[in-house]
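In our numbering, the protein residues as written are 23 to 146.
By construction, the Cβ of each residue, glycine as well, lies at the ideal position given by its N, Cα and C atoms.
Below: one structure, written as structure tokens.
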Ligand code: FES
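Listed below in structure tokens is the structure:
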């Protein structure tokens, strides 16, 4: 397999994943240094199911959101830790019960939930 073939396969996969159409990217840490495995798994399921239910996953449009499950975001306390770009808002304590409000307010309305944010690092 040549690099050219590999890059074509990657481009096809990116098309299928709609990479290039997103306005936001959420990274959720499920590592066990910042939360229990159960908390991380439940938060990830809530994020995945919540984005899918609103057709924001594998989608395009103003609220289209790519999601990534991370093993560690180097904070390692007060998790689950979540960061959303391009805003660069870093959220702590993102247990499953907070995810619906996060999706509605931060992802759909574009309004940060200041009381859950512990750091900001906007990109772009
Ligand atoms: S394990 Fe979650 S930030 Fe390190």
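Comparing alpha carbon positions, the residue from 52, 68, 102, 107 closest to residue 87 is 107.
Between residue 78 and residue 56, the alpha-carbon positions lie close to 27 angstroms from each other. DSSP places residue 35 within a helical segment (H, G or I) once states are collapsed to three. The C-alpha of residue 76 lies about 10 angstroms from the C-alpha of residue 70. Residue environment analysis places residue 82 among the exposed positions, since fewer than 16 neighbouring C-beta atoms fall within 10 angstroms of its C-beta.
For residue 53, the shortest C-beta to heavy atom distance toward ligand 1 is below 7 angstroms.
Cα atoms of residue 116 and residue 38: separation of roughly 29 angstroms, rounded to the nearest angstrom. Of all alpha-carbon atoms in 140, 109, 113, 114, the one lying nearest the alpha-carbon of residue 146 is that of 109.
With fewer than 16 other Cβ atoms inside 10 Å of its own Cβ, residue 140 counts as exposed. Counting the other CB atoms within 10 Å of its CB gives residue 46 a total of 16 or more, which places it among the buried residues. Listed as beta-bridge partners of residue 73 by DSSP are no residues whatsoever.
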